[in-house]
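What follows is a set of notes on a single structure, which appears directly below.
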């Protein structure tokens with residue numbers, strides 16, 4: 021929702037303890053989102069059919085139908101009998117200040133999901149464990165370690181809710197750790213003296229740096245990948261999720277880390293150039309051309325080969 025004034029002008033300094041306000045807004049826009057669904061959508065745009073795992077409410081039907089039309093497998097979502105699907109409600113004023121509320125709803129039941137039962141006997145390329153109910157996040161990570169399934173840990177917004185031991189329990193054994201720069205510093209601070217030990221046990225640490233691109237720590241070395249230059253910003257929400265979709269798609273298809281990160285950056289640029297988190301579309305030829313313009317021939321050729329191979333496998 022958009023408020024055509026300034027929140028600051030409606031607040032009385034000596035009355036904040038009794039504040040009671042209602043804002044008449046100019047518009048209401050409802051968009052599909054959620055970290056897991058955003059990442060799954062991005063992967064599906066690249067031709068990789070991901071399986072969405074999470075807890076939803078009885079209001080999920082229309083959203084489910086939309087995700088499935090775009091190639092996301094929703095058979096493994098848990099349907100709550102008592103709570104609506106999690107949602108984020110936000111009002112933005114003309115200074116881009118925001119007042120928001122997050123309703124976790126069915127997300128609180130995610131710990132009831134048995135990831136081992138979801139995986140079954142089928143081979144799994146990678147499990148991506150994003151911000152969810154913290155108990156569920158740790159339980160899913162433990163299941164991956166027990167089953168020998170490689171996983172990516174993406175704690176994101178839930179870092180604020182997790183203690184140092186919780187974070188260590190979640191991250192230990194991850195093949196990939198994905199955060200932005202602030203989250204990485206917060207994570208290290210909460211881990212304290214155990215930070216080096218925990219992070220050294222992660223194969224690849226990926227840190228997004230907004231307009232400064234991405235930093236990757238792997239094998240004792242650090243690689244930096246620049247962001248896409250000149251990208252238009254319509255809505256920054258979901259850019260990190262789209263990056264994850266591209267990066268994780270790349271590494272699961274054997275691309276080198278820097279190439280996968282470049283693909284992720286381009287996906288992020290597509291996402292922030294469209295309103296909402298799942299409004300962009302990936303056109304393979306345009307994607308390859310955009311990658312060539314920003315990252316050069318080596319990157320574009322490597323991605324083009326993977327896209328062609330995936331398309332052939334899907335057609336066959």
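Numbering (our numbering), first residue to last: 21 to 336. Don't be surprised by glycine CBs; every beta carbon is placed ideally from N, CA and C. Because the structure is a prediction, the values reported are computed rather than measured.
Three-state class that DSSP yields for residue i in the structure shown
i, result
"residue 243", "strand"
"residue 93", "strand"
"residue 32", "coil"
"residue 196", "strand"
"residue 251", "coil"
"residue 76", "strand"
"residue 118", "strand"
"residue 179", "helix"
"residue 68", "coil"
Delimiting residues of the alpha helix (DSSP H) encompassing residue i
i, result
"residue 85", "81 to 89"
"residue 65", "55 to 65"
"residue 328", "317 to 335"
"residue 202", "201 to 211"
"residue 271", "259 to 272"
"residue 190", "184 to 191"
Spatial distance of residue i from residue j (CA atoms)
i, j, result
"residue 74", "residue 125", "12 Å"
"residue 165", "residue 322", "31 Å"
"residue 190", "residue 55", "17 Å"
"residue 151", "residue 81", "22 Å"
"residue 59", "residue 174", "11 Å"
"residue 253", "residue 290", "9 Å"
"residue 324", "residue 332", "12 Å"
"residue 66", "residue 178", "28 Å"
"residue 239", "residue 318", "22 Å"
"residue 287", "residue 263", "6 Å"
"residue 303", "residue 84", "23 Å"
"residue 146", "residue 109", "31 Å"
Neighbour-count burial assignment, residue i, 16 or more Cβ in a 10 Å radius
i, result
"residue 70", "buried"
"residue 122", "exposed"
"residue 284", "buried"
"residue 37", "exposed"
"residue 314", "buried"
Any non-hydrogen atom of the ligand SAM within 7 Å of residue i CB
i, result
"residue 131", "Annotation note on the ligand SAM: not contained in the displayed structure, which lists no ligands."
Run of the beta strand (DSSP E) containing residue i, from where it starts to where it stops
i, result
"residue 110", "107 to 112"
"residue 238", "234 to 238"
Do the stretch 249 to 267 and the stretch 202 to 222 touch if we need at least three Cβ pairs shorter than 8 Å? Contact fails: fewer than three Cβ-Cβ distances are below 8 Å.
Count the CB pairs spanning the stretch 131 to 146 and the stretch 156 to 170 that are closer than 8 Å, and state whether there are at least three. The stretch 131 to 146 makes contact with the stretch 156 to 170: 3 or more CB pairs, one atom from each, lie closer than 8 Å.
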